[in-house]
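Residue numbers (the numbering used here): 8 to 533. All residues carry an ideal CB built from backbone N, CA and C; glycine is no exception. Below you'll find the structure, written out as structure tokens, and then a few comments.
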């Protein structure tokens, strides 16, 4: 008898989070009702790591990166895409986390000595509201986060939210700059578990988020200001790490969800890599053995080796595949008992690894598109494209302590080999892209590869915006959609998830109606 699982993809994603919210000033009556910004910020950032892990699971389980594993059944909505309102946990955890950042904003308003905290909270508020808009479209924004003062907040349009988020990021950068001139300003210091108190990196993060808003919003949003500060864009990975370690409630959330619990018990085994993403490593679409063998446990590592069978197409339940191995297919390490702190490369590096908010690779690919479209000036789109690929190799071979497992010149040589192995593909060799459409396809495809099971929701967003990555002729794939999809779209994919049932129950006068997972689009989608 096959094993069965309960709930759909988003239920799995939310239930699989780690990093218990030790300081939750919003919901737990046994905790303090107020705390200083110095105490709230590290806890809020740490909880964001779990939020992002849930969005990553959601994005991966559309069929782009993950498929249901053999030996399991009962996936229901996860494989039909006919989503209901009963399993949309992303909504609750995101708004819960946003309340923490709003608490910082409320406490620091008008207090110059807390300029850095106010600025960091604004950046993170913009980061998380974009997550919400990209998943749900119109959401409560201007009248949200007021607690008991407004229990039925009105909805704002996704377009208007995008426009204001860009303005908030400008304000955040201005506050970081102002704080540098405030006598006795409170430094972020150890409260900053992302950039270690580095205000310049926060400003670069803000610029990069604004660039993402402008690119994704396109001509559908009338942005107030499309310029960026002179601080530039992210060139390093933005990772949350408050001191993750192999202990109860203290592990990296993605490791805790997909590899091992702190006792060494196997984590979620009901999912495995999709055949579609695997084709970008094993030669069906592209040949990328260096990243493939670092990411996947059963990837063939030598010429002539048989291709692995540890992959599936979403929706195929009656198959001979075994369930995902202990530690999952996404953990390539040899130490597979889950009882060490980990020192591996790939995606699931260890319980002590940082959780990515944004990779440097994504930043470079955003810049490449921005350069292509004339949104930013400076480095060429070709140069930025190549930097994005190198940054992806860098993250893949980065250890939990942020050091590289191989010398930097070795990585550069592997990138050159990657280009040579795909000598005729414009998806790897940018000079072969002879039109802006092909250049955009190359940029989004390489971003799709770089975000594999890291920030999967961003790749899913980009597919819905651009319809890349496309199925390559001769790859053997006709689609990455579920084989049992109930979608009425030509691509057989969903367009969005639905508002949670709690909104119709408690905020019924405001929640949009008539929303379906097959015809209702996020405002920037096609």
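TODO: Return the bridge partner residues of residue 246 from the DSSP annotation.
DONE: Beta-bridge annotation (DSSP): residue 246 is paired with 363.
Open item on the list: By the three-class DSSP mapping on this structure, what secondary structure does residue 134 have?
Closed with: Residue 134: helix per DSSP, three-state reduction.
TODO: Please name the residue, chosen from 493, 235, 130, 475, that lies closest to residue 383 on a Cα-to-Cα basis.
DONE: Nearest to residue 383 by C-alpha distance, out of 493, 235, 130, 475, is 235.
TODO: Could you spell out the range, first to last residue, of the alpha helix (DSSP H) harbouring residue 467?
DONE: 463–473 is the span of the alpha helix (DSSP H), which, as asked, contains residue 467.
Open item on the list: Tell me the rounded alpha-carbon separation between residue 336 and residue 298.
Closed with: C-alpha separation (whole angstroms): 14 Å.
- [ ] Using 10 angstroms around the beta-carbon of residue 318, count the other beta-carbons present and answer buried if the total reaches 16, otherwise exposed.
- [x] The residue is buried, with at least 16 neighbouring Cβ atoms inside 10 Å.
TODO: Determine the direct distance from the alpha carbon of residue 497 to that of residue 45, and round the result to whole angstroms.
DONE: Per the coordinates, the alpha-carbon of residue 45 lies some 50 Å from the alpha-carbon of residue 497.
TODO: Give the secondary structure of residue 405 by DSSP, where H, G and I count as helix, E and B as strand, and everything else as coil.
DONE: In the three-state reduction of the DSSP assignment, residue 405 falls in the strand class, which pools E and B.
Task: Nearest-angstrom Cα separation, counted from residue 119 out to residue 211 - done: Taking the straight line from one Cα to the other gives about 21 Å.
TODO: Say whether the stretch 426–440 touches the stretch 458–465, bearing in mind that this needs 3 or more beta-carbon pairs closer than 8 Å, one atom from each stretch.
DONE: Output reads no: the stretch 458–465 does not touch the stretch 426–440.
- [ ] For the alpha helix (DSSP H) containing residue 497, list its first residue and its last residue.
- [x] Unbroken run through residue 497: none, as it is neither H nor E.
Task: Three-state secondary structure assigned by DSSP to residue 513 - done: Residue state, collapsed to three classes: helix.
- [ ] Tell me whether residue 393 sits in a helix, a strand or coil according to DSSP, three-state version.
- [x] Correct three-state label for residue 393: helix.
TODO: Note the first and the last residue of the continuous alpha helix (DSSP H) segment covering residue 214.
DONE: Residues 206–224.
Task: Beta-bridge partners of residue 273, as assigned by DSSP - done: DSSP lists 267 as partners of residue 273.
- [ ] Spell out the partners DSSP gives residue 281 in its beta bridges.
- [x] Answer is 319, bridged to residue 281.
Task: Beta-bridge pairing of residue 163 - partner residues as DSSP gives them - done: In the DSSP assignment, residue 163 forms a beta bridge with 146.
TODO: Report the rounded CA-to-CA distance for residue 241 versus residue 231, giving the unit in angstroms.
DONE: Going by the C-alpha atoms only, they are around 22 Å apart.
Open item on the list: Considering only DSSP beta bridges, list what residue 289 is partnered with.
Closed with: Bridge partners of residue 289: 294.
Open item on the list: Alpha carbons only, please: which of 484, 468, 507, 494 is nearest the one belonging to residue 529?
Closed with: For residue 529, the closest alpha carbon among the candidates 484, 468, 507, 494 is that of 468.
TODO: Identify which residue in 487, 100, 256, 357 has its Cα closest to the Cα of residue 70.
DONE: It is 487.
Task: 8 Å Cβ cutoff met for residue 189 and residue 245 - done: Not closer than 8 Å, so no.
Open item on the list: Can you give me the C-alpha to C-alpha distance between residue 426 and residue 403, rounded to a whole angstrom?
Closed with: Our two residues, residue 426 and residue 403, have alpha carbons roughly 17 Å apart in a direct line.
Task: Beta-carbon proximity of residue 168 to residue 107, cut-off 8 Å - done: Result no, Cβ atoms of residue 168 and residue 107 do not sit closer than 8 Å.
Open item on the list: Please report the distance separating the alpha-carbon of residue 84 from that of residue 501.
Closed with: In this structure, the CA atom of residue 84 is about 11 Å from the CA atom of residue 501.
TODO: Would you tell me roughly how many angstroms separate the C-alpha atoms of residue 351 and residue 394, rounded to the nearest one?
DONE: So the alpha carbons of these two residues sit roughly 23 Å apart.
Task: residue 460 in three-state terms, based on DSSP - done: Of the three classes helix, strand and coil, the one that applies to residue 460 here is coil, per DSSP.
Task: Residues that DSSP places opposite residue 411 in a beta bridge - done: Within the DSSP bridge table, the entry for residue 411 names 405 as partners.
Open item on the list: Quick test of the definition: if touching needs 3 or more C-beta pairs under 8 Å, does the stretch 50–59 touch the stretch 242–262?
Closed with: The answer is yes - the stretch 242–262 touches the stretch 50–59, with three or more Cβ pairs under 8 Å.
TODO: To the nearest angstrom, report how far apart residue 187 and residue 363 are at their CA atoms.
DONE: Looking at the two C-alpha atoms, the distance is approximately 27 Å.
Open item on the list: For the beta strand (DSSP E) containing residue 113, name the first residue and the last one.
Closed with: Where residue 113 is concerned, there is no enclosing beta strand (DSSP E), although the alpha helix (DSSP H) it sits in stretches over 96–115.
- [ ] State whether the stretch 133–144 contacts the stretch 213–227, with contact taken as three or more CB pairs (one from each stretch) at a distance under 8 Å.
- [x] Under the Cβ criterion (8 Å, minimum of three pairs), the stretch 133–144 counts as touching the stretch 213–227.
Open item on the list: Suppose you measure from the CA of residue 75 to the CA of residue 323; what does that come to, to the nearest Å?
Closed with: The alpha-carbon atoms of residue 75 and residue 323 are separated by roughly 7 Å.
- [ ] Could you spell out where the beta strand (DSSP E) holding residue 73 opens and where it closes?
- [x] From DSSP, the beta strand (DSSP E) with residue 73 extends over 73–75.
Task: Whether residue 453 touches residue 400 by CB criterion (8 Å) - done: No, these two residues do not count as a Cβ contact at 8 Å.
Open item on the list: Rounded to the nearest angstrom, what separates residue 514 and residue 162 at their Cα positions?
Closed with: The straight-line gap from Cα to Cα measures roughly 10 Å.
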